[in-house]
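Taken in sequence, the protein lines are chains A and B. Here the first sequence stands for residues 1 to 191, numbered as in UniProt numbering. Here the second sequence stands for residues 1 to 191, numbered as in UniProt numbering. Just so you know, even glycine gets a beta-carbon here, dropped at the ideal spot from N, CA and C. Working notes for the structure below.
Number of protein chains: 2
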Amino acid sequence: MKQTTKKEKFFEESLKLIHEKGFKAVTMRDIAQRLDFEPANIYNYIDSKQALLELYLFDISYEFHDSLNNILKSSYSPEEKLKLIISTHIQLTAKKPYKMALLVNEWRNLKEPKLTEFTEGKKVYENKIRDVIAKGIEEGQFRSMDIEIATYSFLSSLRWIYDKYTGSESKINPFELEKQISDFIFTGMGK
Amino acid sequence: MKQTTKKEKFFEESLKLIHEKGFKAVTMRDIAQRLDFEPANIYNYIDSKQALLELYLFDISYEFHDSLNNILKSSYSPEEKLKLIISTHIQLTAKKPYKMALLVNEWRNLKEPKLTEFTEGKKVYENKIRDVIAKGIEEGQFRSMDIEIATYSFLSSLRWIYDKYTGSESKINPFELEKQISDFIFTGMGK
DNA sequence: GTCTATAATTCGATAGAC
DNA sequence: GTCTATCGAATTATAGAC
Numbered sequence: 001m002k003q004t005t006k007k008e009k010f011f012e013e014s015l016k017l018i019h020e021k022g023f024k025a026v027t028m029r030d031i032a033q034r035l036d037f038e039p040a041n042i043y044n045y046i047d048s049k050q051a052l053l054e055l056y057l058f059d060i061s062y063e064f065h066d067s068l069n070n071i072l073k074s075s076y077s078p079e080e081k082l083k084l085i086i087s088t089h090i091q092l093t094a095k096k097p098y099k100m101a102l103l104v105n106e107w108r109n110l111k112e113p114k115l116t117e118f119t120e121g122k123k124v125y126e127n128k129i130r131d132v133i134a135k136g137i138e139e140g141q142f143r144s145m146d147i148e149i150a151t152y153s154f155l156s157s158l159r160w161i162y163d164k165y166t167g168s169e170s171k172i173n174p175f176e177l178e179k180q181i182s183d184f185i186f187t188g189m190g191k
Numbered sequence: 001m002k003q004t005t006k007k008e009k010f011f012e013e014s015l016k017l018i019h020e021k022g023f024k025a026v027t028m029r030d031i032a033q034r035l036d037f038e039p040a041n042i043y044n045y046i047d048s049k050q051a052l053l054e055l056y057l058f059d060i061s062y063e064f065h066d067s068l069n070n071i072l073k074s075s076y077s078p079e080e081k082l083k084l085i086i087s088t089h090i091q092l093t094a095k096k097p098y099k100m101a102l103l104v105n106e107w108r109n110l111k112e113p114k115l116t117e118f119t120e121g122k123k124v125y126e127n128k129i130r131d132v133i134a135k136g137i138e139e140g141q142f143r144s145m146d147i148e149i150a151t152y153s154f155l156s157s158l159r160w161i162y163d164k165y166t167g168s169e170s171k172i173n174p175f176e177l178e179k180q181i182s183d184f185i186f187t188g189m190g191k
């Protein structure tokens, strides 16, 4: 059986609280209350509120960059690469939905220099996706379209997915979700 | 010529500031500084910081509901209705990008009872879109697919667009954007 | 309407005993 | 590691003179 230490519980519950109320809205007192101890105890686990946010964001951010880089290093075609990106994105989101939610909604609350570090990484990530799409259009695997808008559309199709794995509702099968999203991105809603 | 009163300037600059830094992060001092007067003066124009957020959100929210309802009352087919929704959504976003950004990112900062009022309206809006999609699948205009995921995908394809009209870059032609987004939603990226 | 001054509260973080 | 107590800073909002 998996042991849940008090420290693990702290990071787990803090993450959920930040997702629920937003980073700025959550107070150290909120966190302490949820864990049923005093605010001062929080500083046994983390140096500051900012450090907590940085920890969550750069952890999940690293995983996304890492998995993207592995896909890009392969010899798959652009279309196959995009499908792999969709697949790993959904798998990762299903595994860590709360961190993914923070990645989407809370990165603005980082402070310099971490904020710049993060946004630079974000740009790099998006440009890599953009390059795959551009290559796919060039090679005739995708239809001709505005590359920038295609990139935004592609990314926005994946960005909301955490919502299916936070809430208390029954979680959708990631493989079924992958099929649905993949079909939407490649063939759209029309017949 | 259009007259810009100090009051108009206040609402305009406050809106941009809230978009840039986030509602919780913006202080009354920030707003006063941007407008080059003292924090106390803000209360000549608005009762509280919360009231400011409510004003922006319910203003743009009403416009979206109103235009959606007009489209739904028409005798157009589901596919034509979705195209009109895309069209009016982009037009409205191009006209009021900063309020649209708040609609997407800041509604969580509403307090009860306004928060519930807002989220109920959001649900109603999304369910109406969902019904159009369901009808379109039923009538065979759209391919068979998971209705809930289709609805999320459709909405997420429109949600990021404010980003093209805030920033300082050259604004994209709304009609061109409409064509690109519409093609993505109905035919996807594939050939 | 604009200012100075400040009330009232809240928050992140620390000190220090046990 | 957990507590009590509290500091120091920041914030919304108000009072009241001009």
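Backbone secondary structure at residue i - three-state DSSP
{"i": "residue 37 of chain B", "result": "coil"}
{"i": "residue 121 of chain B", "result": "helix"}
{"i": "residue 190 of chain B", "result": "strand"}
Within-7 Å CB hit, residue i to chain B
{"i": "residue 189 of chain A", "result": "yes"}
{"i": "residue 24 of chain A", "result": "yes"}
{"i": "residue 50 of chain A", "result": "no"}
{"i": "residue 107 of chain A", "result": "no"}
{"i": "residue 193 of chain A", "result": "Outside the shown range of chain A (1 to 191) lies residue 193 of chain A, about which nothing can therefore be said."}
{"i": "residue 180 of chain A", "result": "yes"}
{"i": "residue 85 of chain A", "result": "no"}
{"i": "residue 60 of chain A", "result": "no"}
{"i": "residue 186 of chain A", "result": "yes"}
Rounded separation between residue i and residue j - CA only
{"i": "residue 80 of chain A", "j": "residue 136 of chain B", "result": "30 Å"}
{"i": "residue 172 of chain B", "j": "residue 87 of chain B", "result": "14 Å"}
{"i": "residue 73 of chain A", "j": "residue 52 of chain A", "result": "32 Å"}
{"i": "residue 182 of chain B", "j": "residue 186 of chain A", "result": "14 Å"}
{"i": "residue 179 of chain B", "j": "residue 145 of chain A", "result": "10 Å"}
{"i": "residue 117 of chain B", "j": "residue 19 of chain A", "result": "21 Å"}
{"i": "residue 98 of chain B", "j": "residue 5 of chain A", "result": "44 Å"}
{"i": "residue 174 of chain A", "j": "residue 161 of chain A", "result": "10 Å"}
{"i": "residue 191 of chain B", "j": "residue 184 of chain B", "result": "11 Å"}
{"i": "residue 90 of chain A", "j": "residue 150 of chain A", "result": "19 Å"}
{"i": "residue 15 of chain B", "j": "residue 109 of chain B", "result": "14 Å"}
{"i": "residue 93 of chain B", "j": "residue 166 of chain B", "result": "10 Å"}
{"i": "residue 82 of chain A", "j": "residue 132 of chain A", "result": "7 Å"}
{"i": "residue 163 of chain A", "j": "residue 42 of chain A", "result": "28 Å"}
{"i": "residue 176 of chain A", "j": "residue 37 of chain B", "result": "56 Å"}
{"i": "residue 143 of chain B", "j": "residue 157 of chain A", "result": "18 Å"}
{"i": "residue 63 of chain A", "j": "residue 71 of chain A", "result": "12 Å"}
{"i": "residue 67 of chain B", "j": "residue 130 of chain B", "result": "16 Å"}
{"i": "residue 78 of chain B", "j": "residue 153 of chain A", "result": "22 Å"}
{"i": "residue 58 of chain A", "j": "residue 139 of chain B", "result": "46 Å"}
{"i": "residue 48 of chain B", "j": "residue 125 of chain A", "result": "40 Å"}
{"i": "residue 50 of chain B", "j": "residue 169 of chain A", "result": "31 Å"}
{"i": "residue 28 of chain A", "j": "residue 22 of chain A", "result": "13 Å"}
{"i": "residue 3 of chain A", "j": "residue 96 of chain A", "result": "19 Å"}
Boundaries of the alpha helix (DSSP H) in which residue i is found, first to last residue
{"i": "residue 150 of chain A", "result": "147 to 159"}
{"i": "residue 104 of chain B", "result": "97 to 105"}
{"i": "residue 10 of chain B", "result": "6 to 21"}
{"i": "residue 59 of chain B", "result": "49 to 72"}
Short CB-CB distance (under 7 Å) between residue i and chain A
{"i": "residue 129 of chain B", "result": "no"}
{"i": "residue 30 of chain B", "result": "no"}
{"i": "residue 153 of chain B", "result": "yes"}
{"i": "residue 36 of chain B", "result": "no"}
{"i": "residue 66 of chain B", "result": "no"}
{"i": "residue 77 of chain B", "result": "no"}
{"i": "residue 144 of chain B", "result": "no"}
Chain-order list of residues whose beta-carbon lies under 8 Å from that of residue i (same chain, five-residue window excluded)
{"i": "residue 121 of chain A", "result": "61 and 65"}
{"i": "residue 45 of chain B", "result": "7, 10 and 11"}
Cβ-based neighbour list, residue i, same chain, cut-off 6 Å, excluding 5 preceding and 5 following
{"i": "residue 104 of chain A", "result": "159"}
Spatial neighbours of residue i in its chain, beta-carbon cut-off 7 Å, leaving aside the 5 residues before and after
{"i": "residue 17 of chain A", "result": "26, 30, 31 and 34"}
{"i": "residue 76 of chain B", "result": "84"}
{"i": "residue 24 of chain A", "result": "109"}
{"i": "residue 141 of chain A", "result": "77, 78 and 79"}
{"i": "residue 128 of chain B", "result": "68 and 72"}
{"i": "residue 114 of chain B", "result": "54"}
{"i": "residue 56 of chain B", "result": "15, 99 and 102"}
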